[in-house]
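For the sequence shown, my numbering gives the first residue as 1441, with consecutive numbering after it.
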Amino acid sequence: MSLWNLVSHMPPEEFSSLSTEFPRSLRCLLAEWLENQPWEFINGSDTFCTSMASRMLSDMLEKLRSAASSDGQQCQILQQVSGIESTFRHDPLRLVAVMRAILEGEKAAVLKRDRHLPLSFHRRQEELKFNVGLQRLQHRVREIQALREEGPGRDGAVESSTAPRELPTLTLEAVKELEVAKQQVLKRIQIWKRQQQLAGNGAIFEENLAPLQKRCEKLVEVYFQLQQQVMAASTELGPELLPRLLERLNEVLSSLVKSSFLVEKQPPQVLKTQTKFQASVRFLLGPQLLKAAPKPYVVRADMVTEKQARELEGGFPTAVTGEIMHNMVALETNPTSGTCCANFKNVLLKKIKRCERKGSESVTEEKCAVLFSTNVALTPSNISIQLQVLSLPIVVIVHGNQDNNAKATVLWDNAFSEIDRVPFVVAERVPWEKMCDTLNLKFMAEVQTTKGLLKEHYFFLAQKIFNDHSARFEDFQSRHVSWAQFNKEILPGRGFTFWQWFDGVLDLTKRCLKSYWSDRLIVGFISKQYVCKLLSAEPDGTFLLRFSDSEIGGVTIAYVIRGKDGSSQVENIQPFSAKDLSIRSLGDRIRDLGQLRNLYPNIPKDQAFGSHYNSEWRGPGWALGCAAPLHPSNAVGGVLGGRGPPCPAPLFSLPPQTWSSHPQLTGAPSALPCWCSLEEPHTSPPKPSRAPPMPFYTILHHSFSLQTLHAQPVHARGGLAAAARGSLCGAAG
């Protein structure tokens, strides 16, 4: 979203002070065009700034006249445009100052309201800054060339600035500006690499390297132009200054070349031995600098340890930590796409040599990387440069049961490493807020849902990882969580770590519960104790779904039973695993359980889960809230698929007063939001004219005690009863 998209919806009176020299009506006509011009980066009054300001004034007048032709008030607008032209024609730099003030005022208003500016605006500003710097640099090169060719004081000499300057001074300024532009490019490359790493945790990533390659190529082109002028002016620059300038120029080229060698497609960050994988590296400056290469250069891939990665400044490591098959690939240029890449398609890590570990560090905490390297000779200078780049950290495993802990190491490293760090140093403790962002990002990416974790979910997760049920929600915001708390220390009373439990939830939701979660039918992250407080005051048969505390990768149903005397008891069905739900879906299991009536707080279960019932089990009245008849013949095989027509997705809503209604819940915030807002009120469906047949589980409910009931096969071919596993007991989950 652009800045103008936000500003145009704000009250015009907020910007009245900005319209004294430039009418608001013209600002509206310019719309996004205004913020796409480099007003903020035209600083100074030299010939470059003056020429840029004049060009921008001409472009603005043309834009306004074009917009006026399609406006109903054409005459008035053209009069205003004429006034702008007469006011700023002789002083275009004043126009730059006015436009800069307008943009600053608009940014301040948006920041005051939203506390941040659109990301697209920041990216556009960074691009404008680089382009202006590049144009200024090109202008400097032309000045140097004019001053060198014409000579100071000669007839027809070009005046390079408002005050005459010597060639050495002008050249030094140009080299300095080249170094600044180089730093901008290197920073942008580092940002791209960091974004690529965050994408490993599920962040959105703009993979396209074409804009970055274009920047590198433009800057290298200017580099060669400036180097040519410096060499041609060697006499004027003198024997002392010339070597220093050439050294700085060579450093610029070397940095750009080495930094433009990137891993475009990363190897898997959890890599099992004897498993094939793919990767690719790209040399952004290859199409420009390797044109005259007699044959393609060869890129080599080698596995290195963390220690070896830190020693790469001294050259290629003396030893490697693993044996990689098919690890040499040609670096080829594609004239059609304009890319220079080496694609590793059938690479295989045959074996790994473990290094010494620190303290209690396990093999799944040991980080390695693939080192891609080659030597190239650049044209036209014929300089030989060694190119090498490390992949993202990799955890090598030899057994599938190591995968979970390896993923934890990768997740932590991806989330909390710093740009330009020493390989592969990462903080041992991080703010809980950052951990929340990481867990939410990972959850949404793995489950492939747009519905992320909510404030209440974070509160439950904080209580779990810190083992603290007395703190308020706000108290956790200032805490730091350690790597040990994340995936080394066993949770109290359990046999697994926090990450192992959370990863189990991820896997279960991704495989079996995606649609339920996306429809907000699952609370999920909520404690059994709090569920009891929620449901104890609700009508008989009110239920909700939460992730099991006692089992990895389980979802359980908690529901309330009321006795004849009005007393309530909250029961928890034994958790369903992914295997259980692959046999019979959660929706059908909920449909079968007659004692489940309303999804908390008061949504009839058929209205909430009707769209998730198997189509074979729906009767003509399911959308009206009546269950279809349950017939054992429909359960043959036990695996039921298909989804019926969608119904309005109900949303789980936790009323704000719920927290305050249970003051005995220590640490409950006083004003937490609902789990999610109800876009439309849920109304009870009309009652069917004839009561549906009693569901199968209801029949069992009347025959056995809930505390001792275990579903047993009642049909010769398995089917429903076999699929409806689980004991109904208050201690489950």
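For glycine and all other residues, C-beta sits at the position ideal for the given N, C-alpha and C.
- The bridge partners DSSP lists for Glu2011 are Tyr1999.
- One alpha carbon belongs to Ile1997, the other to Ile1631, and they sit about 45 Å apart.
- The beta-carbon separation of Arg1580 and Ala1614, rounded to 4 Å, stays under the 8 Å limit for a contact.
- Closest in alpha carbon position to Phe1561, among Arg1576, Leu1574, Ser1700 and Glu1544, is Glu1544.
- Inter-segment contact for the stretch 1735-1746 and the stretch 1767-1786 is present: three or more beta-carbon pairs are separated by less than 8 Å.
- Beta bridge pairing from DSSP links Tyr1737 with Leu1771.
- Gln1828 is bridged by DSSP to Ser1813.
- Judged by DSSP in its simplified three-state form, Lys2019 adopts helix.
- In the same chain as Val1838, and ignoring 5 residues on each side of it, the C-beta atoms closer than 8 Å to its own belong to Lys1712, Thr1713 and Ile1792, in chain order.
- Gly1523 sits in a helix when the DSSP states are folded into three classes.
- The continuous beta strand (DSSP E) containing Val1921 extends over residues His1920 to Ser1922.
- Within the model, the alpha-carbon separation for Asn1571 versus Val1744 is close to 39 Å.
- In this structure, the straight-line span from the alpha carbon of Ile1930 to that of Trp1939 is close to 10 Å.
- At the C-beta level, Leu1948 and Leu1985 stay beyond 8 Å of one another.
- By the C-beta criterion, the stretch 2012-2022 is judged to be in contact with the stretch 1941-1957, since at least 3 inter-stretch pairs fall below 8 Å.
- Secondary structure of Gln1718 (DSSP, three-state): strand.
- With respect to the 8 Å criterion, Ala1902 and Trp1872 are classified as neighbours on the basis of their beta carbons.
- Collapsing the DSSP output to three states places Ala1759 in coil.
- Approximately 11 Å separates the beta-carbon atoms of Val1836 and Pro1707; this is outside 8 Å, ruling out the contact.
- Phe1913 and Phe1883 have their C-alpha atoms spaced approximately 21 Å apart.
- Closest by C-alpha distance to Val1787, out of Gln1669, Thr1715 and Glu1806, is Thr1715.
- The criterion of a C-beta distance shorter than 8 Å is satisfied by Gln1709 and Pro1833.
- One Cα belongs to Ser2025, the other to Ser1955, and the distance between them is close to 11 Å.
- In this structure, the CA atom of Met1496 is about 26 Å from the CA atom of Glu1657.
- With contacts defined by Cβ atoms closer than 8 Å, Arg1540 and Trp1444 do not form a contacting pair.
- In the assembly as shown, Ser1485 is an exposed residue. Its beta-carbon has fewer than 16 other beta-carbons within 10 Å.
- Taken through DSSP and simplified to helix, strand or coil, Thr1776 comes out as coil.
- In this structure Lys1891 touches Ser1958 by the C-beta definition: roughly 5 Å separates them, less than 8 Å.
- With distances taken between CA atoms, Ala1770 lies nearest to Phe1812 out of Ile2013, Lys1747 and Phe1812.
- Spatial neighbours of Gln1575 in its own chain (CB-CB distance under 8 Å, excluding positions within 5 residues in sequence) are listed in chain order as Phe1488 and Met1492.
- Remark: C-beta atoms of Leu1752 and Glu1704 do not approach each other more closely than 8 Å.
- Classified as buried, Gly1964 has 16 or more neighbouring CB atoms from the shown chains inside 10 Å of its CB.
- The Cβ atoms of Glu1583 and Leu1559 do not sit closer than 8 Å to each other.
- In the three-state scheme derived from DSSP, where H, G and I count as helix and E and B as strand, Phe1936 is classed as coil.
- Partner residues in the beta bridge of Pro1871, as assigned by DSSP, are His1920.
- Secondary structure note for Lys1705: its beta strand (DSSP E) is the uninterrupted segment Phe1701 to Lys1705.
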